[in-house]
Every structure is written in structure tokens, then in C-alpha cells.
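K.L.:
For the sequence shown, the tail end lands on 428 under the numbering used here, and the numbers increase by one without skipping.
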Amino acid sequence: MLNLAEYRQRPALLADWLPWAGLVAPGVVLNKDGSFQRTARFRGPDLDSATQGELIATSARLNNALRRLGSGWALFIEAERRAAADYPHSEFPEPLSWLVEEERRATFEESGHHFESGYHLTLVYLPPEESRARAAKMLYENTPTNGVDWRERLQAFIAETDRVFDLLDGVMPEIAWLDDAQTLTYLHATISTRRYRVGVPKVPFHIDALLTDSPLVGGLAPMLGERHLRVVSVRGFPTSTWPGILDDLNRLGFGYRWSTRFLCLDKSEAERELGRLRRQWFAKRKNVIALLRETIFQQESPLVDTDASNKAADADAALQELGSDQVAFGYLTATVTVMDEDAAVADEKLRMVERVIQGRGFVTIPETLNAVDAWLSSIPGNAYANVRQPIVSTLNLAHMMP
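1) To the nearest angstrom, report how far apart E252 and G244 are at their CA atoms.
2) Taking 8 Å as the limit between beta carbons, can you name the residues of its chain near G96, skipping five residues before and five after?
3) State the CB to CB distance for the pair R107 and Y282, rounded to an integer number of angstroms; the pair is presumed to be in contact (CB under 8 Å).
4) Under 8 Å, do T211 and V229 count as touching if we go by C-beta distance?
5) Can you find at least 3 beta carbon pairs, one from the stretch 362 to 379 and one from the stretch 299 to 312, that sit closer than 8 Å?
6) Please list the segments of the alpha helix (DSSP H) lying wholly inside the stretch 310 to 343, counting only runs of 4 or more residues, in order along the chain.
7) What are the boundary residues of the beta strand (DSSP E) that includes V353?
8) For the pair the stretch 256 to 267 and the stretch 87 to 104, tell me if three or more CB-CB distances fall below 8 Å.
9) Which whole-angstrom value describes the C-beta separation of L152 and S61, a residue pair presumed to lie in contact below a C-beta threshold of 8 Å?
10) Per DSSP, Y410 is paired with what?
11) Near V226, what residues of its chain come up, given a Cβ to Cβ distance below 8 Å and the 5 sequence neighbours on each side ignored?
12) Can you pull the DSSP bridge partners for N57?
13) Should S75 be labelled buried (16 or more other beta-carbon atoms within 10 Å of its own) or exposed?
14) Measuring straight from C-alpha to C-alpha, what distance separates R93 and G407?
15) When the Cα of F435 is compared with those of R130, W99 and V257, which residue comes out closest?
16) Taking all protein chains shown into account, do 16 or more other C-beta atoms lie within 10 angstroms of the C-beta of I315, making it buried, or fewer, making it exposed?
Written out as C-alpha cells, the structure is:
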């Protein structure tokens, strides 16, 4: 479904860029590249009331759940901050309780805008290609050889996501899988400026065209519908992290979408990448002139690049943690998206988000040429757009996730 050459020469609609194809099981979406995805709604512990020891223990348990996923898996953790709805109307049997509720309502309306956050975790798995699956079947007897059964892969995906859910259930105060209607409603909210519930069609396929109701205008300053779209990406990380390092984003007085995508790596792939980084920084400790001087005079040069030496030692420490199965590694892409009908207001929101993130030691970049690609990377299921190269451990992911 990603190949549009039969219908048009190049993608022309927002639906052409979306990864979703249809629903194949309760809450499970089949993507156009053959991957499966499943979304859960969760709420983590209260960072303001939790002690430092509780936060460290929670991060360790999160790391224990996330480090079990290997290549082919992708995690999308999203926090959507939106304006709260009107104060709900309630009936009270006695005047005293009604009076207390009216005072509460007056306080709510006088304090101005209120915002609430919704948190979602999406697990995406791309099964290996059919040739590898057939080669694996040759190692077993009495196995069917007529292709690969997609139902078997679907059941394996559901079973693995349930195991991850069980590990997270003891960490999160609230966590639950989304059903079909809730899944479509959540996916629609990520690509639209309108908010409403989406029903499940009789034939739950071609949901990419079903859910798009706002046009996307590209360029240096893209627009989604009538709102200006601004995206900021994290391109550099601090030397150390701690639980809830970006919690100050939850105190901003406007709506946003904070998305963190993590592309998991197998242990062998992570070792290969970390080994390459270690060799790269170890070779930069001394320049060519210093190496020639050592060769000619047979005397080691005392001057070395301390920064390169420290980074080589850091890569070596990461290899030791990976070898002892304490953490896993993957590619992390973190973006924050803000929207507003006024371009100047959207730019001001973007600056406030940058101020908060950079205040924690991160390096951010406001997206211009890469704005549409960065926004597409925040959509659950899109594992190809805006891949950032530095690999990050699952423990750092537990510290930085919403």
C-alpha cells in the first residue's frame, strides 16, 4: 500500500504519508509496511509527591520492561496536553454539598484556562522478512512450508505485547489497552485539529483516508488545517539524566504534543554500533602528527585529546552495561509539536518549549526544512522519518519519556 505508482507518481495527500492500513484484531492496527501496532493509555506516578527513591525504583522497573525488546520493535510514548473541558454538571441531594460544589466551580472558572494531559504508549513490531522466516522453519521438523502464516505472527505480537503490559502494570498506577474505537479516536487526534470520537466502520480498512480531515500544507512553516504547525526536535543530550528530567513541560500554559520514539536494537547490533563509536573516539585521541612523531622517535607522546579519551571510555562503559544485560540501546527521536491559528503565537509557544528543554541541558533545533518529516516522526507507527543517529540506553529513555 506504500507503492502509489499504480495510482499517482508521488504522494499528494496526507493519507499517503500515514502508516496505517486497517484493524486486524481488537485494538491492533496493521500498517502498510506489514508491521503491527497496539496502543495503551497510561498514567505514571505523581512526580511532585513521589520521593527520589520511588522515582529511581520506578525507572529501574521501566528499564527492566523496555530492555527486553529487540530489533524490529519500536516504542512511541506520547503526552498530549490539551485544554480541559467545561466543568461537569452534577446533581446533589442537599444544599450544603451543592454550595461547596458551586464554590469549586467558581474557582475553576475564575482561574482561567485549565489543561489536562493524556499519555499513550504504542508498541510497533515489524516481523522479519519471509525469507528469514522460511530459513528458520528449515531447522524444525513437521512444520508447514507453504509460506508464512500472518495469523501466527499476529498472535505472537499480541502475546509479546501482553507480556510487556504485565511488566508495566506493576509500575503504572493506571494502564489499559485501547479498543477499536478508542484506537481510531487516538490516531485521529494525532493528525487533526478537531477533537471528536471516531466510530469503527464495518470494513475497518483504509483508515488512513478515513481519519484525515485536515489538509497538511508543507514548507518551511507548515500548516495543519487552519493552524500553524511548529516542531522542535532534540538533537543533543546532557551528560547525565534523572527521572522526570523534562517534567517542567507539564507546567506550560498551552497545549502541545510531546512524542518520544525509540527504535530498539538487538544486543549484537548495539554492540556493533558501540564498538564503532569506541574505535572512532579512540582513534581521535592523537592526531596524525603525534602518531608520526611517536613512530620516528620511538617515544610515546604525552599529549592526547582528553575529550576523545573520555568519550571512548564512555562508550566502553556502555558496552559493559550492555554485556551484563543491564540495559538495551536504540535510536531515540524526541519532538514537541505546538499549533496555533496565529503564526506569531505559535512561534512564541515554540520558544517557550525550547527554553524549558534547553534549561535541562538538552540541545534543541526548531525545525524548518525538516518540519514535515519531524512531524511525521511523531505519528505512531512511522518508524522511518527523522531517525536520529546517537543511540541511547533504555534507562535514559525511562528518564526522558513523558
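Built from N, CA and C at the ideal position, the CB exists for glycine as well.
P.N.:
Here's the rundown:
1) For the purposes of this step, residue 252 is identified with residue 226 of the sequence shown, where counting begins at 1. For the purposes of this step, residue 244 is identified with residue 218 of the sequence shown, where counting begins at 1. Answer to the nearest angstrom: the Cα atoms are 13 Å apart.
2) The residue you call residue 96 lines up with position 70 of the sequence shown. The answer, listed in chain order, is C290, L291, D292, K293 and A354.
3) Residue 107 sits at position 81 when you count from the first residue of the sequence shown. Residue 282 sits at position 256 when you count from the first residue of the sequence shown. The pair is a contact, with the Cβ atoms about 5 Å apart (cut-off 8 Å).
4) Residue 211 sits at position 185 when you count from the first residue of the sequence shown. Residue 229 sits at position 203 when you count from the first residue of the sequence shown. Not in contact: T211 and V229 (Cβ atoms no closer than 8 Å).
5) no
6) 314 to 323
7) Here the question's residue 353 lines up with position 327 in the sequence shown. Note, V353: premise wrong, no beta strand (DSSP E); not H, not E.
8) no
9) Counted from its first residue, the sequence shown places residue 152 at position 126. Counted from its first residue, the sequence shown places residue 61 at position 35. Yes, they are in contact, since the Cβ atoms of L152 and S61 sit about 4 Å apart, within 8 Å.
10) For the purposes of this step, residue 410 is taken as the residue at position 384 of the sequence shown. Its beta-bridge partners do not exist; DSSP assigns none.
11) Taking the sequence shown and counting its residues from 1, the one referred to as residue 226 is at position 200. Taken in chain order, the residues that qualify are L49, D206, A207 and L210.
12) Counting from 1 along the sequence shown, the entry for residue 57 is found at position 31. W46, per the DSSP bridge assignment.
13) In the sequence shown, residue 75 corresponds to position 49, counting from 1. By the 10 Å Cβ count, S75 comes out exposed.
14) Position 67 of the sequence shown holds residue 93. Position 381 of the sequence shown holds residue 407. Approximately 20 Å between the Cα atoms of the pair.
15) The structure shown does not extend to residue 435, since the chain spans only 27 to 428, so no value can be given for it.
16) Within the sequence shown, residue 315 is the residue found at index 289, counting from 1. Label assigned to I315: exposed.
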